[in-house]
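Notes to accompany the following structure.
In my numbering, the protein residues as written are 66 to 285.
Here it is as structure tokens:
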């Protein structure tokens, strides 16, 4: 496969995964606006306000997190059209049965095996890059939206999220691999350093994404 063909193949896979993220992202979008009045009242009681930049960043993060959940804490291909066509035709259960014995046999707790195999084929390389890239927003947005951002907070957010996902995947018939935790955590840490670079270049801009005291300067 040529480099151009490989890139197009990567883009095709990214597009397919993006489509699978859409249902949960749309649900999160609706929930975000339904809960917004409650959040505004809560912030008001604390003497704080959330400006349009922060609301926009929070909306992006919430919808992304919902899309990430769609890809990771549901059975494989759960949000694909062919899965639901098969379900409606009675040819496939909504949630396939899980063989826990098989899950134990395929449990991968030896680190760096997937990483070392990454250069053996485009699919393994794609999955390695995807595991890093899809968690980069986790580290970036937690640093952008939380008070007093620190690298270890982004790393911890990525690590804890990944552990929860891998634990859940064991019970839904998905692969559970320690390398995924390593790669996801690496992606979250990379997201923090992207935030750090952005804050260094444009500190006033990143300050817009923090809560502010009502009528005052940015909070924290």
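C-beta atoms are modelled at their ideal positions from N, C-alpha and C, and glycine is treated no differently.
Our two residues, residue 260 and residue 209, have alpha carbons roughly 7 Å apart in a direct line. A distance below 6 Å between beta-carbons, with the five flanking residues on each side excluded, links residue 172 to the following residues of its chain, in chain order: 241.
The count of Cβ pairs closer than 8 Å, one atom from the stretch 107 to 117 and one from the stretch 158 to 166, stays below three, leaving the stretches out of contact. Residues of the same chain with a CB within less than 6 Å of the CB of residue 118, apart from the 5 flanking positions on each side, are 273, 274 in chain order. In this structure, residue 132 lies near residue 86, with their beta-carbon atoms less than 7 Å apart.
If you check the CB distance, residue 196 and residue 245 come in under 7 Å. C-alpha of residue 68 to C-alpha of residue 75: approximately 10 Å in a straight line. Beta-bridge partners of residue 113 (DSSP): 278. Within 10 angstroms of the beta-carbon of residue 232 lie fewer than 16 other beta-carbons, which makes it exposed. For residue 215, the secondary structure class from DSSP, reduced to helix, strand or coil, is coil.
Residue 129 and residue 154 have their C-alpha atoms some 31 Å from each other. Separation of residue 166 and residue 238 (C-alpha to C-alpha, rounded to the nearest whole angstrom) is 11 Å.
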